[in-house]
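Asks: For the sequence shown, the residue numbers in UniProt numbering are 1 to 624. Using N, Cα and C, we set each Cβ at its ideal position, and we do this for glycine too. Quick one: the structure is below, and I'll ask about it shortly.
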Amino acid sequence: MATTRSLLSERRNPFLLTLAVLIVAILVIIFFTTDTTNRFSSFYFPSPDLKSNNSNPSTPKSQLFLHSAPNPRASSISFSGDGSSKLDERGEGKGVSGDGEEVTKEFDFRWEICGREKGSEAVDNIPCLDNMKAIKALKSRRRMEHRERHCPKPSPRCLVPLPLGYKIPVPWPKSRDMIWYDNVPHPKLVEYKKDQNWVRKSGEYLLFPGGGTQFKDGVNAYIHFIEKTLPAIDWGRNTRVVLDVGCGVASFGGYLLDKDVITLSFAPKDEHEAQIQFALERGIPAVLSVIGTQQLTFPDNAFDLIHCARCRVHWDGDGGKPLIELNRILRPGGHFVWSATPVYRDDPRDQGVWNAMITLTKSICWRVVVKATDANGIGLVIYQKPTLNSCYDERKVNNPPLCIQKNRSSISWYTPLEDCLPPLHIANSDAQQTWPVWPERLNVWPSNIFELNIEYGEERFYEDMKHWEVLVSGIYTFDLAINWSSFRNVMDMNAGFGGFAAALVKEPLWVMNVVPIHRPDTLPVIFDRGLIGIYHDWCESFNTYPRTYDLLHSSFLFGSLTKRCELVDVVREMDRILRPGGWVLIQDSEEIIKKLKSMLQTLHWDTSIHKGAFLVGKKGFWRP
Numbered sequence: 001m002a003t004t005r006s007l008l009s010e011r012r013n014p015f016l017l018t019l020a021v022l023i024v025a026i027l028v029i030i031f032f033t034t035d036t037t038n039r040f041s042s043f044y045f046p047s048p049d050l051k052s053n054n055s056n057p058s059t060p061k062s063q064l065f066l067h068s069a070p071n072p073r074a075s076s077i078s079f080s081g082d083g084s085s086k087l088d089e090r091g092e093g094k095g096v097s098g099d100g101e102e103v104t105k106e107f108d109f110r111w112e113i114c115g116r117e118k119g120s121e122a123v124d125n126i127p128c129l130d131n132m133k134a135i136k137a138l139k140s141r142r143r144m145e146h147r148e149r150h151c152p153k154p155s156p157r158c159l160v161p162l163p164l165g166y167k168i169p170v171p172w173p174k175s176r177d178m179i180w181y182d183n184v185p186h187p188k189l190v191e192y193k194k195d196q197n198w199v200r201k202s203g204e205y206l207l208f209p210g211g212g213t214q215f216k217d218g219v220n221a222y223i224h225f226i227e228k229t230l231p232a233i234d235w236g237r238n239t240r241v242v243l244d245v246g247c248g249v250a251s252f253g254g255y256l257l258d259k260d261v262i263t264l265s266f267a268p269k270d271e272h273e274a275q276i277q278f279a280l281e282r283g284i285p286a287v288l289s290v291i292g293t294q295q296l297t298f299p300d301n302a303f304d305l306i307h308c309a310r311c312r313v314h315w316d317g318d319g320g321k322p323l324i325e326l327n328r329i330l331r332p333g334g335h336f337v338w339s340a341t342p343v344y345r346d347d348p349r350d351q352g353v354w355n356a357m358i359t360l361t362k363s364i365c366w367r368v369v370v371k372a373t374d375a376n377g378i379g380l381v382i383y384q385k386p387t388l389n390s391c392y393d394e395r396k397v398n399n400p401p402l403c404i405q406k407n408r409s410s411i412s413w414y415t416p417l418e419d420c421l422p423p424l425h426i427a428n429s430d431a432q433q434t435w436p437v438w439p440e441r442l443n444v445w446p447s448n449i450f451e452l453n454i455e456y457g458e459e460r461f462y463e464d465m466k467h468w469e470v471l472v473s474g475i476y477t478f479d480l481a482i483n484w485s486s487f488r489n490v491m492d493m494n495a496g497f498g499g500f501a502a503a504l505v506k507e508p509l510w511v512m513n514v515v516p517i518h519r520p521d522t523l524p525v526i527f528d529r530g531l532i533g534i535y536h537d538w539c540e541s542f543n544t545y546p547r548t549y550d551l552l553h554s555s556f557l558f559g560s561l562t563k564r565c566e567l568v569d570v571v572r573e574m575d576r577i578l579r580p581g582g583w584v585l586i587q588d589s590e591e592i593i594k595k596l597k598s599m600l601q602t603l604h605w606d607t608s609i610h611k612g613a614f615l616v617g618k619k620g621f622w623r624p
């Protein structure tokens, strides 16, 4: 039999030679024009869903995160839309992907503006907190039931209007001290707080001097006073993750950022309804919530320190359930800083509250570490949660009792407040809680995490961390040329272990890590890493005002959502909470990406698709 070489060398077979060259050329063209992400898409995995068959442990790590050289014509998130999505005035026609592929719009929907007859109310509408039909039907409001979530069914499919004169927000860090008045035009709060040095109007701006009821010498002096009173707090090292209850305009959390402390501020939407909106417009982490009849949407043992400065919560009310809830989310050994009139005033009413607080804190084994008064006569008391169960066991009266773990809800989502104390779990042989130190805790598997599925354990944690470091630096920063300094308020809609946020920790932004309730509960890991997050169901609206985030990020979220609700409702919610000029960055299956792109086109967003797996979209100022 003739060899291939001799066969090709024969003059009578030039056709075979030409055919062989042609076949090789075709194969080379097919290989190099096929998107690298598609070729290796099975190795991109969401964080941290192992069950999606996106991980192949036998594949070398070097093959997992291949990326191409930057395309000079690719859409860059650092500047405005470049026409990558071509829309007519009705949002119809065809768009063009980032790879130059023409994508025909498949989704057909005619949007309408929400509540034209309601005027300014529609501008700040939060569906699950402004459901007046459900609120009016409540039998009681005594325990703040009217400030809790009451989501309308079906979800609204209209777009919230923009405030008259709305502008692109003031960039960080200037926004901490000044914001556009037209973006949050709430004169009542400005008038109400003018004597407390919280906020004042100056021309087109609202200014935040850094004062407050408890901050007579300014918030920086107050922060220093706390650490001087108890040096063990050690801002930015021992104390990294803080919860500020009833936060005013969140200046406490805003100035703690200088100490490398991430503070999540929360307050209800009440008569001072704009305070959380002010905080988010300033670029300070905040969320709408209330201690009413339900648990806060955080895991057990989450926060290093909880702060309350005249936060108007009756801690001893309802049998002490509000303080028992703080005990649940405060990590063992963590501190509660309470600065309120009962701490330092002697009138009968304040002393009655103080005596009730003494009884309640003793019953849950909190000890008073220090009680102090500053030069202005403003006092505070600092409590500490125990690290061992021995105090609970030694109580003469077992009230409140220890919780029976099997009877407890696994995730705090519409979960009633408890009247029991969760037992303290000890992770190591020394029977001591390991206190994590920042920033080392960011990249270390938490030693006190219990009852996580073995698939989501320590090994997967480190794999996930490396995955996000490479993806953020390679695809997001290098390929997409993202300018992270152009974003301040960022949300990861499916945060997993918080790897996306961890990879961006040195950037001048903060990330709200959302763990969907239908996904594995990784939120305890996120908090233990020194990051902040929250539980949420994306089939409902999020507890935030419209126009509060600069960037929404998602990794393999939407496929599982389609089994529970319609994508159009999630897209509408994304449009509600994203600022005009803000961006979405979505990694998902090709099918989901195409569906989302066609939906965003009807909203007149600029969109592009990168490597068939990443959807980039920019929201404009268009309203129907």
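Just how far apart, CA to CA, sit Ser-363 and Arg-141?
Replies: Cα to Cα, Ser-363 sits roughly 28 Å from Arg-141.
Asks: Going by Cα to Cα distance, which pick from Trp-338, Val-353 and Thr-341 is closest to Gly-317?
Replies: Nearest C-alpha to Gly-317: Val-353.
Asks: Please check the pair Ala-122 and Pro-161, which I expect to be a contact at CB under 8 Å, by giving their CB distance rounded to whole angstroms.
Replies: Their Cβ separation, rounded to whole angstroms, is 6 Å, which keeps Ala-122 and Pro-161 in contact under 8 Å.
Asks: Touch check for the segment 328-341 and the segment 284-299: three-plus C-beta pairs under 8 Å?
Replies: These segments touch.
Asks: Who does Ile-113 pair with in a DSSP beta bridge?
Replies: BP columns for Ile-113 point to Leu-159.
Asks: I believe Val-515 touches Tyr-535 by the beta-carbon criterion, under 8 Å. Please report the beta-carbon distance rounded to the nearest angstrom.
Replies: That pair is a contact at about 6 Å.
Asks: Under the rule that 16 or more other beta-carbon atoms within 10 Å means buried, what is Asp-430, buried or exposed?
Replies: Because the pLDDT of Asp-430 is 49, which lies under 50, any placement of that residue in the model is unreliable, and the number read from its coordinates should be weighed accordingly. Exposed, by the Cβ-count rule.
Asks: DSSP three-state label for Phe-215, please.
Replies: Residue state, collapsed to three classes: coil.
Asks: Verify the CB distance criterion: does Asn-483 have a CB-CB separation below 8 Å to chain D?
Replies: Protein chain content of the structure displayed is limited to a single chain, and chain D is not contained in it.
Asks: Roughly how many whole angstroms lie between the Cα atoms of Asp-606 and Lys-201?
Replies: Between Asp-606 and Lys-201, the C-alpha separation is close to 35 Å.
Asks: Pull the bridge partners of Tyr-383 from the DSSP assignment, please.
Replies: Answer is Phe-336 and Val-368, bridged to Tyr-383.
Asks: In three-state DSSP terms, what is Leu-509?
Replies: Reduced to three states, the DSSP call for Leu-509 is coil.
Asks: With a threshold of 8 Å on Cβ separation, who are the neighbours of Phe-107 within its own chain once the five nearest residues in sequence on each side are excluded?
Replies: Taken in chain order, the residues that qualify are Val-568, Lys-595, Ser-598, Met-599, Gln-601 and Thr-602.
Asks: Would Phe-497 pass as a contact of Thr-522 if the rule is Cβ separation under 8 Å?
Replies: A contact, by the Cβ cut-off of 8 Å.
Asks: Would you kindly report the start and end of the unbroken alpha helix (DSSP H) that includes Trp-354?
Replies: Taken as a continuous stretch (DSSP letters only), the alpha helix (DSSP H) holding Trp-354 covers 348-363.
Asks: Helix, strand or coil: how does DSSP classify Thr-407 here?
Replies: A quick correction: the sequence has Asn, not Thr, at residue 407. If DSSP states are grouped into helix, strand and coil, Asn-407 belongs with the helices.
Asks: How about Tyr-414 and Ile-378: do their beta carbons lie closer than 8 Å?
Replies: Cβ atoms of Tyr-414 and Ile-378: not closer than 8 Å.
Asks: Over the uninterrupted alpha helix (DSSP H) stretch that includes Trp-468, give me the two end residues.
Replies: 458-471 is the span of the alpha helix (DSSP H), which, as asked, contains Trp-468.
Asks: Are Thr-548 and Ile-577 touching if we call contact CB-CB under 8 Å?
Replies: Taking 8 Å as the Cβ cut-off, Thr-548 and Ile-577 qualify as a contacting pair.
Asks: Quick check on DSSP: helix, strand or coil for Arg-579?
Replies: Correct three-state label for Arg-579: strand.
Asks: Does Leu-615 pass the burial test, meaning 16 or more other C-beta atoms within 10 Å, or should it be called exposed?
Replies: Per the 10 Å Cβ criterion, buried.
Asks: For Arg-141, which beta-bridge partners are listed by DSSP?
Replies: In DSSP, Arg-141 forms no bridge with anything.
Asks: Is Thr-373 buried or exposed, if buried means 16 or more other CB atoms sit within 10 Å of its CB?
Replies: Exposed, since its Cβ has fewer than 16 Cβ neighbours within 10 Å.
Asks: Where Asp-347 and Asn-355 are concerned, what is the direct C-alpha to C-alpha distance, given to the nearest angstrom?
Replies: Rounded to whole angstroms, Asp-347 to Asn-355 spans 12 Å at the Cα level.
Asks: Provide the residue(s) that pair with Ser-265 in DSSP beta bridges, ordered along the chain.
Replies: Note: Ser-265 sits in a beta bridge opposite Asp-244 and Ala-286.
Asks: Just how far apart, CA to CA, sit Ser-175 and Pro-401?
Replies: One C-alpha to the other measures close to 46 Å.
Asks: Rounded to whole angstroms, what is the Cα-Cα separation between Phe-252 and Lys-611?
Replies: Spanning the two alpha carbons is a distance of roughly 43 Å.
Asks: Flag this pair as touching only if the segment 252-270 and the segment 230-240 have three or more C-beta atom pairs under 8 Å; answer yes or no.
Replies: Yes: at least three Cβ pairs fall under 8 Å.
Asks: What is the rounded straight-line gap between the Cα of Gly-620 and the Cα of Arg-157?
Replies: Each residue's alpha carbon lies about 18 Å from the other.
Asks: Is the beta carbon of Leu-551 closer than 8 Å to that of Gly-505?
Replies: Residue 505 is actually Val in this sequence, not Gly. No, Cβ-Cβ distance for Val-505 and Leu-551 is not below 8 Å.
Asks: On a Cα-Cα basis, can you pick out the residue from Val-290, His-224, Phe-487 and Ala-481 that is closest to Pro-416?
Replies: Nearest option by C-alpha distance: Val-290.
Asks: Nearest to Pro-154 by CA position, among Val-570, Ser-608, Met-574 and Pro-624, is which residue?
Replies: Comparing Cα-Cα distances from Pro-154 to each of Val-570, Ser-608, Met-574 and Pro-624, the minimum goes to Val-570.
Asks: When the Cα atoms are used, what is the spatial distance from Arg-441 to Leu-388?
Replies: Cα-Cα distance, rounded: 22 Å.
Asks: For the segment 516-585, which segments carrying the beta strand (DSSP E) assignment without a break, of at least 3 residues, lie completely within its bounds, in sequence order?
Replies: Taking only runs of at least 3 residues, the beta strand (DSSP E) segments lying wholly in the segment 516-585 are 533-536 and 549-555.
Asks: Going by C-alpha to C-alpha distance, which of Val-219, Asn-220, Lys-321 and Asp-182 sits closest to Gly-203?
Replies: Per the Cα distances, Asp-182.
Asks: Using C-beta distances below 7 Å, list every residue in its chain close to Arg-623, excluding the 5 sequence neighbours before and after it, in chain order.
Replies: Cβ neighbours of Arg-623 beyond the five flanking positions: Ile-113, Leu-159, Pro-161 and Leu-162.
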